[in-house]
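Quick note, in our numbering, the first sequence goes up one by one and the last residue is 1049.
Even for Gly, the Cβ is constructed at its ideal location relative to N, Cα and C.
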Amino acid sequence: MSSDKLEKGYEPHAVEKRWYDYWQKEGLFKAEDKSSNPAYSIVIPPPNVTGVLHIGHALVNTLQDILCRYHRLKGENVLWMPGTDHAGIATQNVVERKLAEEGTDRHQLGREKFIEAVWEWREKYGSAIINQLKRLGASCDWDRERFTMDEGLSLAVRKVFVQLYEEGLIYKGDYIINWCCRCHTALSDLEVEHEDLDGHLYHIRYPFADGDGHMVVATTRPETMLGDTAVAINPEDERYRDLTKASVILPLMDREIPIIKDTYVDTEFGTGALKVTPAHDPNDFDIGNRHNLDRVKVIGEDGRMTDEAGKFKDLERFECRKALVKALKSKGLLEKIEPLRHGVGHCYRCKTVVEPNLSKQWFVKVKPLAEKAIESVKTGKIRIVPDMWTKTFYDWMYNIKDWCISRQIWWGHQIPAWTCTACNQVVVAMETPAACTACQSTDLVQETDVLDTWFSSALWPFSTMGWPEKTPLLGTFYPTSVLVTGFDILFFWVARMMMMGLHFMKEVPFTDVFLHALLRDEEGQKMSKSKGNVVDPLDIIEKYGTDALRFTLAAFTAQGRDIKMSEKRVEGYRNFINKLWNAARFSLMHLDRGYDHLDNATISLPNKWILSRLTQVCQKVAEALDNYKFNDAANAAYQFVWHEFCDWYVEAAKPALYDKLGNDQKEETKKVLWFVLRDILVFLHPIAPFVTEEIWQKLPGSQGSVSKAIYPDPDSYCSSPVLDEVAEKRMSMISQIISSIRNIRGEMNISPSIELEVIIQSDNGESKSVLRQQEKLICTLARLKTLRTEAPGKKPRTAATAVVEDATVFVSLEGIIDFARESERLNKEINKVGKEMAGLTRKLNNEDFLKKAPGDVVEKVKQKHETMMEKEHKLQATLDRISRIQA
RNA sequence: GGGCGGAUAGCUCAGUUGGGAGAGCACCGGCCUUACAAGCCGGGGGUCACAGGUUCAAGCCCUGUUCCGCCUACCA
């Protein structure tokens, strides 16, 4: 094959499209429902159907793709299950915004028409993110794509709801929930983001009912006082020990409310008197239950004051606060206002301040479910990687509270519950019941609320595989192998999947959980559209290619640390991809056929060496991926390909390939080059699928797609063991000698075009013989005219000197040597050696070290010390000689 | 309030049975050497946050301190 088939630089775009289409056409991502090969499965964390691919998606899906491709190379039957999430609130918001632009709203449309509009929207725009995942190279089994609102998944949701209800694990009731006045729905505790804000603590006088004096309560939300039904004090509070009054008059409302005693009240805070508003505070709600207090709801679902708020009725809640403070002031009931920084809850979707509000909602009783999830982690059935999250997981699970699952929106799974208008009986069933189970009335009204989107996501690992049917797919792929996701949804999603999986499948949903870090911008700030610091993966792909992006993401996924991302970083890996491309371009110039067997018993040193290094890097990459150490895998691959294969092997192979060492050497080297390049393509394929496929297709003798190759094991095609420490040690000496000559050239300012004459002296027979064998190689790589290897003897008069192991290298500089410069250089070298020796000497002078350290360690230090001594000695002798010549 | 993580070269970070302090980028010097200037060759640069302790030996283990970041929580 001639080189003109490969462009001079790698051009990713056409390549990416071509091979992605080819993979799909060939069905290379298809999983088999049943197979004799080991199963490996991952379910994708379903992106919001409204989403566009952001860098976080790019990361999580790159990691999954790396794993899936790697396991395919290992011959496993891989299922990567794709799909999207209906994202109730987010999607409804998007469609409502669109309706607003059209001058209408969902209420005008009505529920049915609105749902239709959402489906239309979904048909039109819902596949955007799926297509973007394809550009990322994601090797999902697309024929199996699922959507949380699909019929099958909806059936699963209903089934789960009904069963949990029947088991008493789902209940409906009046409780304080987090209410978003803008999204007009309840939120679970997790959907509330707490942020510390500067607010005020208002001290308000509540006059005693008998008209004799007052007590002072403190609150951050004075508007809730309109709904107060008691004032509470701690029975232990000294300040109120002698208090005989039984009630106060609620200011502005002129309602008499009791003074009650409850140990919940913190005597350290405020005045020690707590206003109790059972309808608008979770703690007050509990107190209210303990003391049988009325619940007066003064803030409505729209964020405006209710009829119960008296003259403040219809005021927006924060307006009401202002008006109320003013009113209190004018009546002299406001004792003081203190600044106070305190946590305020916000809606995770729209950032509106959340209102704790009394409301009738559906809940899941999670404690019993959580216990099993905890146990499965404790017993190691599920492993969380990195391990540091395990503790966080336990902390949350031990303190878990019931999960509010009903949402007052329209887009989602409508709760399968019906209320009989005749007798108020609630009927929960899979299908619309014909008649009330209690009174047989046919006048039943279905619950209008829908379920939290996470409720359906929690079923994802088995609902996507056909549950509640017992499908072959479930049999083969459940439990899945690993779940890859960000730690930010450990509670939202991961924990809930565990609970649901264990309850309904009686088996964990996955055996490993890999939690990746969060991506930030280069300053470490969270990326957000409003900050304008987002890195758009599609832009990156346009500019640098998908493989470069993937490589970057993999290389920066060190466990347990946030990833600071910037374009600059991608550039380096783009260069790497291009380097690989050019190395392949060079290789293909010399390769005309493929091979299936390598007789490696008697091959040349560079050939032995590269195979030995290859086998190690293959193992290292595999081991890293087995342990989710993506950065180790990427770096090991990078280091080997660039700095061993390209920098040394390709250069070392040139004399043979250019026919300077005879035909046997040429053929042997072609063969080794072929195997090494082929294996590189395979072990790089999971990280850089496109460029490896492109090269693979041009590699003579390759078959099919690289994604169907077998993960490399050089021992499998070599006649003798590949790992060769002797060859590595010898090659190391050769490369050090070459580097030392290059160093002299650089430091002495000798033009690369001048070919040097070198004499190497050594009293080690083996070294001499190796050096003589590799004479041609050294001459080529160090650009030498002549190289003589001899026993120590007469030193050349005008030469620069380097010491490598047992060899002394003399670079003849007849006529061009600058003695001052050489002295300086030698001094620097001696200094370096001296520093290194100091530490070694200190150890060897320490009796305790010699006595207590393990023998092999002592031996190593001794040997190193000796080598260093000798090196210093030789360098010093040279320096002395030069000084004499100079003088 | 509780918990977790981080502090290593100018920058971003690797560094798990404690025994050689590393990479990428940036920087300096030299090169268009027939795969690659998206490149090649050479080079400089670090009391591993601070203070103690364990050990023959500590970036790594223990204790404390300072500074950052995150998660979590019902102090109104």
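So, helix, strand or coil for residue i, using DSSP?
i, result
"residue 998", "helix"
"residue 335", "strand"
"residue 1032", "helix"
"residue 775", "helix"
"residue 559", "helix"
"residue 444", "helix"
"residue 825", "helix"
"residue 656", "helix"
"residue 458", "coil"
"residue 947", "strand"
"residue 480", "helix"
"residue 300", "coil"
"residue 578", "coil"
"residue 164", "Reliability of the predicted coordinates at residue 164 is poor, the pLDDT of 37 falling under 50, and the value obtained from them is presented with this limitation in mind. Coil at residue 164, not helix or strand."
"residue 616", "helix"
"residue 759", "coil"
"residue 878", "helix"
"residue 344", "coil"
"residue 365", "strand"
"residue 570", "coil"
"residue 1042", "helix"
Among the options, whose alpha-carbon lies nearest the alpha-carbon of residue i?
i, options, result
"residue 838", "769, 553 and 450", "769"
"residue 223", "168, 297 and 239", "297"
"residue 229", "262, 555, 558 and 242", "242"
"residue 202", "227, 406 and 188", "227"
"residue 232", "950, 396 and 792", "792"
"residue 342", "517, 941 and 547", "517"
"residue 943", "497, 885 and 902", "902"
"residue 463", "992, 983 and 349", "349"
"residue 802", "841, 818, 369 and 207", "841"
"residue 1051", "1001, 982 and 1016", "The requested residue 1051 is not part of the displayed model; the chain covers only 163 to 1049."
"residue 495", "501, 856, 416 and 261", "416"
"residue 569", "587, 522 and 589", "522"
"residue 737", "709, 719 and 755", "709"
"residue 331", "344, 1023, 1009 and 564", "564"
According to the neighbour-count rule (16 or more other Cβ atoms, all chains shown, within 10 Å of its Cβ), is residue i buried or exposed?
i, result
"residue 431", "exposed"
"residue 931", "exposed"
"residue 359", "exposed"
"residue 164", "Because the pLDDT at residue 164 is just 37, under 50, the model does not fix this residue reliably, and the value given afterwards should be weighed accordingly. Its Cβ having fewer than 16 others within 10 Å, residue 164 is exposed."
"residue 987", "buried"
"residue 383", "buried"
"residue 173", "exposed"
"residue 583", "exposed"
"residue 284", "buried"
"residue 353", "buried"
"residue 601", "exposed"
"residue 585", "exposed"
"residue 1004", "exposed"
"residue 239", "buried"
"residue 550", "exposed"
Heavy atom of the ligand COA less than 8 Å from the Cβ of residue i, yes or no?
i, result
"residue 772", "This structure does not include the ligand COA; it has no bound ligands of any sort."
> Do the region 596-607 and the region 624-638 make contact, defined as three or more Cβ pairs closer than 8 Å?
Replying inline: no
> Using 8 Å as the threshold, is the region 720-733 in touch with the region 309-319, meaning 3 or more CB pairs across them?
Replying inline: no
>> In chain order, what are the residue ranges of uninterrupted beta strand (DSSP E) at least 3 long that sit wholly in the region 659-741?
In response: 672-678
>> Does the region 993-1011 come into contact with the region 1029-1039, if we say contact requires no fewer than three beta-carbon pairs (one atom in each stretch) closer than 8 Å?
In response: yes
> How do the region 774-794 and the region 697-711 stand: do at least 3 beta-carbon pairs fall below 8 Å, yes or no?
Replying inline: no
> Where in the region 956-1012 do unbroken runs of the alpha helix (DSSP H), each at least 4 residues long, occur, reported from the N-terminal end onward?
Replying inline: 981-1006
>> Quick check: the region 191-199 against the region 656-663, are at least 3 beta-carbon pairs closer than 8 Å?
In response: no
> Hey, which unbroken runs of the alpha helix (DSSP H) at 4 residues or more fall wholly within the region 810-863?
Replying inline: 813-819, 825-846 and 851-860
>> Below 8 Å, how does it come out for the region 784-804 and the region 912-920: are there three or more Cβ pairs, yes or no?
In response: no
> Can at least three beta-carbon pairs, one atom from the region 528-540 and one from the region 567-574, be found at a separation below 8 Å?
Replying inline: no
> Is there contact here, the region 775-789 with the region 858-871, by at least three beta-carbon pairs under 8 Å?
Replying inline: no
> What are the uninterrupted segments assigned as alpha helix (DSSP H) that are 4 or more residues long and contained completely in the region 920-947, given in chain order?
Replying inline: 927-935 and 937-944
> Okay, do the region 268-276 and the region 198-212 touch, 3+ Cβ pairs below 8 Å being the bar?
Replying inline: no
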